[in-house]
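K.L.:
Letter 111 of the sequence shown, counting from 1, is numbered 111 in the working numbering, and no numbers are missing.
Can you keep this structure in mind? I'll have questions shortly.
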Amino acid sequence: MRLILSLLLVLFVWGCSSQTPEEAAATVPEATADGDADAVSVGPVPDVLPGVVARVNGYEVSDSELEQAIESVAARAGSPVPADQRDRVYRDILEQIIGYRLLVQEGEARDLGISDADVQARVDQIRAQFPTPDDFERMLESRELTLDELRADARRDAIVQRLLETEMASRVTVDDEAVNAFYRDNPDQFEQGESVRASHILVTAPADDEATRAAAREKAADLLARIRAGADFATLAREHSNDPGSAANGGDLGFFQQGQMVGPFNDAAFSLEPGVVSELVETEYGFHIIKVAEKQPGRTISLDEVRPQLEQFLQERERQAQTDAFIDELRTRGAVEVLI
1 MRLILSLLLV LFVWGCSSQT PEEAAATVPE ATADGDADAV SVGPVPDVLP GVVARVNGYE
61 VSDSELEQAI ESVAARAGSP VPADQRDRVY RDILEQIIGY RLLVQEGEAR DLGISDADVQ
121 ARVDQIRAQF PTPDDFERML ESRELTLDEL RADARRDAIV QRLLETEMAS RVTVDDEAVN
181 AFYRDNPDQF EQGESVRASH ILVTAPADDE ATRAAAREKA ADLLARIRAG ADFATLAREH
241 SNDPGSAANG GDLGFFQQGQ MVGPFNDAAF SLEPGVVSEL VETEYGFHII KVAEKQPGRT
301 ISLDEVRPQL EQFLQERERQ AQTDAFIDEL RTRGAVEVLI
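Structure, rendered in structure tokens:
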């Protein structure tokens, strides 16, 4: 049985998929080989895994299932699991697989009425992520998945999602008092520093190439002279700036706060008054010409402004906590063996 797509989808839906291996290693759930969730086995993970690394109410978690999940997480992180984190990362991912399998089993036992149409809708969503049918087929081939196996994965995902939706509906509650209390007890999180809205023209130059850097400085100086002579800043930015993220918008960077930009750029932007154009500002990226459009003083964000986002944050946090608690309940009632 292949778990990659199922596992990653569930972790994404319920707030865990953004972890890198390093972050995952910092949040290893506690578990032991005899299924006791209150103590953790922290011995080394064998270099060569046994064929079965865990049993969940009779379901055998294979070494290949664990390795595939590890590979997928590492691929999303963009780097292999660090050698000094291997034991903890492997154990954490295994715990997430165990939790997933407990949820699947509980959902199957409740017969939640997942239809073939529900499953096909999920397969269609996955298929739609690929530009062409051939790309979709290549994905299946690269993951060594058949379409039937993908459908089986999609059915399990649907079961778990519906189970959690049903179970969490009565467990997750965030009232106005909880929102008010969080806002009151965490004032630092709602302080917004001084911010400016600025535009820039960037002429890039590698820091270690003196000749290229001198030429870039000369070009930037010429552009600055043209601005001083009355040329339109936004037009020159569109035509000459090497910053692809802002050039099309006339160099507009939008608002940013103290410390968000590289040091010399930050210092120059916050020292300018609105409407003023800077001298050349040199950074590791090259030479900038900066024009500040607007300044906003630091302030405290009001509760009314932040309430929708704060409610969502607290709901997600509570949902994750209650999901973890639910999995612990299932584990306590079941028979879980960790064999590494």
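Yeah, the Cβ is synthetic: ideal placement off N, Cα and C, and Gly gets one too.
Within 10 Å of its beta-carbon, does Ala-109 have 16 or more other beta-carbons around it, so buried, or fewer, so exposed?
P.N.:
The residue in question, Ala-109, is exposed, as its Cβ has fewer than 16 Cβ neighbours within 10 Å.
K.L.:
Which partner residues does Lys-295 have in the DSSP bridge list?
P.N.:
Note: Lys-295 sits in a beta bridge opposite Val-196.
K.L.:
Is it true that the CB of Ala-221 sits closer than 8 Å to the CB of Thr-212?
P.N.:
Against a cut-off of 8 Å, the Cβ pair of Ala-221 and Thr-212 comes out as no contact.
K.L.:
Tell me the start and end of each unbroken beta strand (DSSP E) in the region 158-217 that is at least 3 residues and wholly inside, in chain order.
P.N.:
Taking only runs of at least 3 residues, the beta strand (DSSP E) segments lying wholly in the region 158-217 are 195-204.
K.L.:
Along the chain, which unbroken stretches of the beta strand (DSSP E) at least 3 residues long are found entirely within the region 237-320?
P.N.:
Complete beta strand (DSSP E) runs here, min 3: 252-257, 281-283, 286-296.
K.L.:
Relative to the alpha-carbon of Tyr-285, which residue among Gly-245, Val-203, Arg-151, Gly-43 has its alpha-carbon at the smallest distance?
P.N.:
Nearest C-alpha to Tyr-285: Val-203.
K.L.:
Do Val-56 and Gly-107 have their beta-carbon atoms positioned less than 8 Å apart in this structure?
P.N.:
Contact: no.
K.L.:
Express the C-alpha separation of Leu-66 and Asp-92 in angstroms, rounding to a whole number.
P.N.:
Cα-Cα distance, rounded: 11 Å.
K.L.:
Using DSSP's beta-bridge definition, name the partner residues of Val-344.
P.N.:
Nothing can be reported for residue 344: it is not among the residues displayed for the chain, which extend from 1 to 340.
K.L.:
Hey, Glu-282 and Pro-297 are a contact pair by Cβ (cut 8 Å); roughly how many whole angstroms apart?
P.N.:
That pair is no contact at about 28 Å.
K.L.:
What first and last residue would you give for the beta strand (DSSP E) that runs through Val-338?
P.N.:
From DSSP, the beta strand (DSSP E) with Val-338 extends over 336-338.
K.L.:
Rounded to the nearest angstrom, how far is the Cβ of Val-104 from that of Arg-151, given a contact under 8 Å?
P.N.:
No, Val-104 and Arg-151 are not in contact; Cβ-Cβ is about 15 Å, not under 8 Å.
K.L.:
Could you say if the region 126-140 and the region 170-188 meet the contact criterion of at least three C-beta pairs nearer than 8 Å?
P.N.:
No, because fewer than three Cβ pairs between the region 126-140 and the region 170-188 fall closer than 8 Å, the two stretches do not touch.
K.L.:
Would you call Thr-146 buried or exposed, if buried means 16 or more other Cβ atoms sit within 10 Å of its Cβ?
P.N.:
Classification of Thr-146: exposed, given that the 10 Å Cβ count is below 16.
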